[in-house]
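Chemist: Handing you a structure now.
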Amino acid sequence: MSFTLYDYALSGNCYKIRLFANILNIDYERIAVEFYPGADHRSEKMLAISPAGTLPILTTDDIVLSETSAMLFWIARNYDAPDHWWPEQDLTAQANILQWMGFSSDLTATIGQGRLHALFQTPIDKDKMIKGGRAALRKIEAHLSEQSFDGCSFLTGNKPTIADIACFPYVALSPDVGANIGFDHDDYPAIRNWIYAMKSLDGFIPMPGIYAMHELKDHEIDYGSQKSAKAGASK
Amino acid sequence: MSALDHAKQYWYPVSMLDSIPAFPIVKTTRVLGMDISITRQADGKITVMQGDEQWQVQEIYDHLWTSPSEAPKPIFDIPEANESDRRFVPCGLVRVRCSPLRAVENFLDIAHFPFVHTDILGSEPHTEVEPYSVDIDADKDEVIATKVKFFQPQAAKSASDGIITDYVYRVPSPMNAILYKTCPTRDDVQDVIAIFVQPIDEETCDVWPWMALYDDDSTMADMIEFQQLIFLQDRSILENQVPTKLPLDPKMEIPTRADLTSIAYRRWLKRRGALYGALLNTSDNSVAAE
Amino acid sequence: MASIAVALSKDLPNGRVMRAIVSEQDLVVWRSKSGILSAWENRCPHRGMRLSHGFVRGEALACMYHGWHYDKSATCRYIPAHPELEPPETIRAQEFSSIEKGGLIWVSVDGSLEEPLIDENLTPLRSINFQCASKTVQEVITKSTKLAGDTDPFNFTTKAAGYHHWVLFSEKKELNLHLFFHELPNNACKIHALIDKDCPAQIQKQISRMMESWRRSAETDYEVSAK
């Protein structure tokens, strides 16, 4: 067993780690923590493991991490062949990745908090969240548009990096927060295309609010010979 | 009787019992468009006030229930709530921007499992819904669906192949639904899962999932998380149904045989005048963009 | 009402689905695997689910809720809960006319579908959303083109200013910037922007940023006048 992840299925931050681990095909131990309604992540038992009082937590015998950006970096350096998710030799790429890893915390602070409020009615400054969340979505939309002028589909180039993993969940989950507040993906074509590219990655897994790619499954109906489709729908 | 007056006759869940704060902190929420405050008094007694008016309360199924009526209809019975060897799992609330009735109807539906709860409660190509029975229980005036079967790929963590899961559904009151399903670990009993819906208003609700399971292995966190995960997948659907209210005119939304429970539920609502959160006529049909 | 540009063609590749709103009409716009374009009422006739959340399987659009498949004629052809059933022809989504021209997707919701008069060889730039009416944006554009001096890299002048379609001309760069205004409910709008020739990514970025700057001004103006 490689590492232990203290996890909550509904958390976009936890999903970053599950998604990346699945893409890299890493086996790990998962422990569910009752974030809501129990707030067990702030229990004495959990604070003893990680004083940050947040989820996820990644632990090994040597390390305890509570920041997802640090976890993604640690996983990439440990398990990924170099030059892909964290380009080992490319300083410019690394700096750009760190920019977007930093930006990902803006997404958590706005869309992430807004989503918790929308789901569980946790208290929040709603106007500030909406303004901040919209600004963050516009920033990433503008950047992805500019990337597309250069022929690039991802945040820092033509291949996804841990920056894409870090920003993906709360951008993809923004419609969960509410309608008519500028959080729907209909307003952001470049984001829509990027989400599609992320969902098309080998090893992609869904979470509630981010659907599986049904379009990739091999159940196409050929209207000319519907019998063959029926044969597939065995009982 | 108006839709609101009809709705006022029932009990509604407004909090989990163990999350009502200690005296003198007041918790506020909303029922049927009315703001209420919940207080645990110094003597431990819980009161619900709507303005100057005190509402009745009762503590049952791990939740606090209240009603604006002075003589509400008796709350429905869940006999399994008295079986002490079950584990009772209240899951907290999930806010959904949809009619309370849409939330209940979705809970009664199995045909969406392969597409919404993919690889958990269903998966392609096992999409067929076999014929099942729906009745109105004359004594209790409840909608009952029986002999419901569906193929589930991962009904239990240990199962390497999928199994056929059996379901029974009960709708004991317009905004509550209970299902009984195959217990993965025991043949002789069924697990119980319910949703208790708190109508915030006609187009918003707080859903309180509740379970009574035979499961000695899973942690509380595992069980709650599983139910929340399923319900959050449904939430993305519920917030995107148009119109937000539940249409009772069969011309507005076309059902098939797989929707027998939903058809019976809509008729039952219409017959008893449970129209809070419903659309009665096609003329009310407002499906324009919001 | 004429046809309205709802998206850049490049933003809806084959096999993809999007939502668009034209005159309060909620629409699903989608393109089959072979590239056939359709625009329908954004509502599955079964349980009212927005079809824009659905997915494309070959030449069909499937609803996310129960997987009902609709073919290019908007007719339901497959109901997964009843795989053996041939669905009645009466189960269909409401169709609207759509057309593709000049790098844009056009939809008409009033039955008319005038062929848009537009140059066929435009290069798509981007679609951008504004939280204010298009009139406000147009005022800002007029103001900012007038204010732009010789130091401005483009120094755009307004060549044509129709109701939905504006053309800005830059003598410096020898290019026309086409702006298609798409009014949305709740005092919002989109601009679909295209250029009349291929130009380097650097110029595309400059124009994209110029539009961001219009938005900052337009939304401030909007907030001030709304108070």
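So the sequences go chain by chain: B, Z and X.
In the working numbering, each number is its position in the first sequence, counted from 1, plus 360.
In the working numbering, each number is its position in the second sequence, counted from 1, plus 6.
In the working numbering, each number is its position in the third sequence, counted from 1, plus 852.
Think of the CB as a built atom: it goes at the ideal place given N, C-alpha and C, for glycine as much as any other residue.
Keep in mind it's a predicted model, so treat the numbers as computed, not measured.
For R278 (chain Z), does the count of other Cβ atoms within 10 angstroms reach 16, so buried, or fall short, so exposed?
Modeler: Answer is exposed; the Cβ neighbour count stays below 16.
Chemist: Could you check whether the Cβ of Y556 (chain B) sits closer than 9 Å to any Cβ belonging to chain Z?
Modeler: No, because no Cβ of chain Z sits closer than 9 Å to the Cβ of Y556 (chain B).
Chemist: Could you compute how far the alpha carbon of L451 (chain B) sits from the alpha carbon of Y571 (chain B)?
Modeler: Taking the straight line from one Cα to the other gives about 35 Å.
Chemist: Which bits of chain X does F509 (chain B) rub up against, with CB to CB less than 7 Å?
Modeler: Going along chain X in sequence order, the residues near F509 (chain B) (Cβ under 7 Å) are A1053, Q1056, K1057.
Chemist: Need the endpoints of the alpha helix (DSSP H) that H12 (chain Z) sits in, please.
Modeler: That run of the alpha helix (DSSP H) goes 9-13.
Chemist: Compare the C-alpha of R868 (chain X) against each of X:S904, X:A854, X:L1027 and name the closest.
Modeler: Among X:S904, X:A854, X:L1027, the Cα nearest to that of R868 (chain X) belongs to X:S904.
Chemist: Looking at chain X, is there any beta carbon in it that lies within less than 9 Å of the beta carbon of D367 (chain B)?
Modeler: No, D367 (chain B) does not count as interfacial toward chain X.
Chemist: Which residue marks the beginning of the alpha helix (DSSP H) containing W882 (chain X), and which one marks its end?
Modeler: Run containing W882 (chain X): none in the alpha helix (DSSP H); it sits in the beta strand (DSSP E), 877-883.
Chemist: Closer than 7 Å between beta carbons: that is the criterion. Which residues of the segment 906-923 of chain X meet it against chain Z?
Modeler: Cβ contacts with chain Z come from M916, Y917, H918, G919.
Chemist: Could you give the first and the last residue of the continuous beta strand (DSSP E) run that contains H574 (chain B)?
Modeler: Run containing H574 (chain B): none; DSSP gives neither H nor E here.
Chemist: State buried or exposed for Q47 (chain Z), treating a residue as buried only when at least 16 other CB atoms are found within 10 Å of its CB.
Modeler: The residue in question, Q47 (chain Z), is exposed, as its Cβ has fewer than 16 Cβ neighbours within 10 Å.
Chemist: Quick one: what's got a C-beta closer than 8 Å to E911 (chain X)'s C-beta in the same chain, skipping five residues either side?
Modeler: Answer for E911 (chain X): S884, K885, S886, I888, D923, K924, listed in chain order.
Chemist: May I ask you to check if the CB of N540 (chain B) is nearer than 8 Å to at least one heavy atom of the ligand FAD?
Modeler: Annotation note on the ligand FAD: not contained in the displayed structure, which lists no ligands.
Chemist: In angstroms, rounded to a whole number, what distance separates the CA positions of H259 (chain Z) and I383 (chain B)?
Modeler: Checking the displayed sequence, the identity of residue 259 (chain Z) turns out to be Glu instead of His. Distance between the alpha carbons of E259 (chain Z) and I383 (chain B) is about 40 Å.
Chemist: So, is the C-beta of A572 (chain B) closer than 9 Å to a C-beta in chain Z?
Modeler: So, interface residue.
Chemist: Just the C-alpha distance for V135 (chain Z) and A1045 (chain X), rounded to the nearest angstrom, thanks.
Modeler: Roughly 48 Å separates the two Cα atoms.
Chemist: Buried or exposed: L864 (chain X), going by 16 or more other Cβ atoms within 10 Å of its Cβ?
Modeler: Counting Cβ neighbours within 10 Å, L864 (chain X) comes out buried, since at least 16 surround it.
Chemist: Shortest alpha-carbon distance to L1020 (chain X) belongs to which of X:I993, X:M916, X:Y930, X:E893?
Modeler: Of the candidates X:I993, X:M916, X:Y930, X:E893, the one whose C-alpha sits nearest the C-alpha of L1020 (chain X) is X:I993.
Chemist: Which residue's Cα is closest to the Cα of M870 (chain X): B:I565, B:P549, B:S560?
Modeler: Closest option to M870 (chain X), Cα to Cα, is B:P549.
Chemist: Under 9 Å between C-beta atoms, does N540 (chain B) make it to chain C?
Modeler: Considering every chain present, this structure includes no chain C. Its protein chains are B, Z and X.
Chemist: Buried or exposed for K163 (chain Z), please, with buried defined as at least 16 other CB atoms from any protein chain shown within 10 angstroms of its CB.
Modeler: For K163 (chain Z), the predicted model reports a pLDDT of 49, less than 50, meaning its position is unreliable; a value from the coordinates is still stated below. Burial call: exposed.
Chemist: Going along the chain, which residues of the segment 122-133 of chain Z sit with their C-beta nearer than 9 Å to a C-beta in chain X?
Modeler: Taking 9 Å as the Cβ-Cβ cut-off against chain X, the residues of the segment 122-133 of chain Z that qualify are V122, E130, P131, T133.
Chemist: Taking only runs that begin and end inside the segment 432-470 of chain B, name each unbroken alpha helix (DSSP H) of 4 or more residues, in chain order.
Modeler: Those alpha helix (DSSP H) runs which fall completely within the segment 432-470 of chain B and span 4+ residues are 451-467.
Chemist: Let me make sure I understand the geometry here. Which of Z:K33, Z:M40, Z:D58 has the alpha-carbon closest to that of P483 (chain B)?
Modeler: Of Z:K33, Z:M40, Z:D58, the residue nearest in Cα terms is Z:K33.
Chemist: Determine the burial state of P253 (chain Z): buried for a count of at least 16 other Cβ atoms within 10 Å of its Cβ, exposed for fewer.
Modeler: It counts as buried.
Chemist: Which two residues bound the contiguous alpha helix (DSSP H) that contains S996 (chain X)?
Modeler: Where S996 (chain X) is concerned, the enclosing alpha helix (DSSP H) stretches over 986-999.
Chemist: How many angstroms separate the CA atom of S594 (chain B) from the CA atom of F1033 (chain X)?
Modeler: Summary for S594 (chain B): the model assigns pLDDT 30, below 50, so the residue's position carries little reliability, and this model does not support an answer.
Chemist: What distance in whole Å lies between the Cβ atoms of W446 (chain B) and I522 (chain B), which are believed to be in contact at a cut-off of 8 Å?
Modeler: 6 Å between Cβ atoms; contact.
Chemist: Between the beta-carbon of I184 (chain Z) and the beta-carbon of P178 (chain Z), is there less than 9 Å?
Modeler: In this structure, P178 (chain Z) lies closer than 9 Å to I184 (chain Z) by Cβ.
Chemist: For K163 (chain Z) and chain B, any beta-carbon pair shorter than 9 Å?
Modeler: With a pLDDT of only 49 at K163 (chain Z), under 50, the local geometry of the prediction cannot be trusted, and no value is derived from it.
Chemist: Leaving aside the five residues before and after I298 (chain Z) along the sequence, list all residues of the same chain whose C-beta is less than 8 Å from its C-beta, in chain order.
Modeler: The requested residue 298 (chain Z) does not occur in the structure, where chain Z is confined to residues 7 to 296.
Chemist: Write down the C-beta distance between H123 (chain Z) and G168 (chain Z) rounded to the nearest angstrom, noting that I regard them as a contact closer than 8 Å.
Modeler: Not really, about 13 Å apart at Cβ, beyond 8 Å.
Chemist: Check for me: the alpha helix (DSSP H) holding T267 (chain Z) runs from which residue to which?
Modeler: Here the alpha helix (DSSP H) through T267 (chain Z) covers 266-278.
Chemist: For R103 (chain Z) and E245 (chain Z), which I take to be in contact (beta-carbon distance under 8 Å), what is that distance rounded to the nearest angstrom?
Modeler: Their Cβ separation, rounded to whole angstroms, is 5 Å, which keeps R103 (chain Z) and E245 (chain Z) in contact under 8 Å.
Chemist: Is the beta carbon of W214 (chain Z) less than 9 Å from the beta carbon of I206 (chain Z)?
Modeler: Cβ atoms of W214 (chain Z) and I206 (chain Z): not closer than 9 Å.
Chemist: Thinking C-beta only, is I26 (chain Z) closer than 9 Å to L70 (chain Z)?
Modeler: Yes, they are a contact pair.
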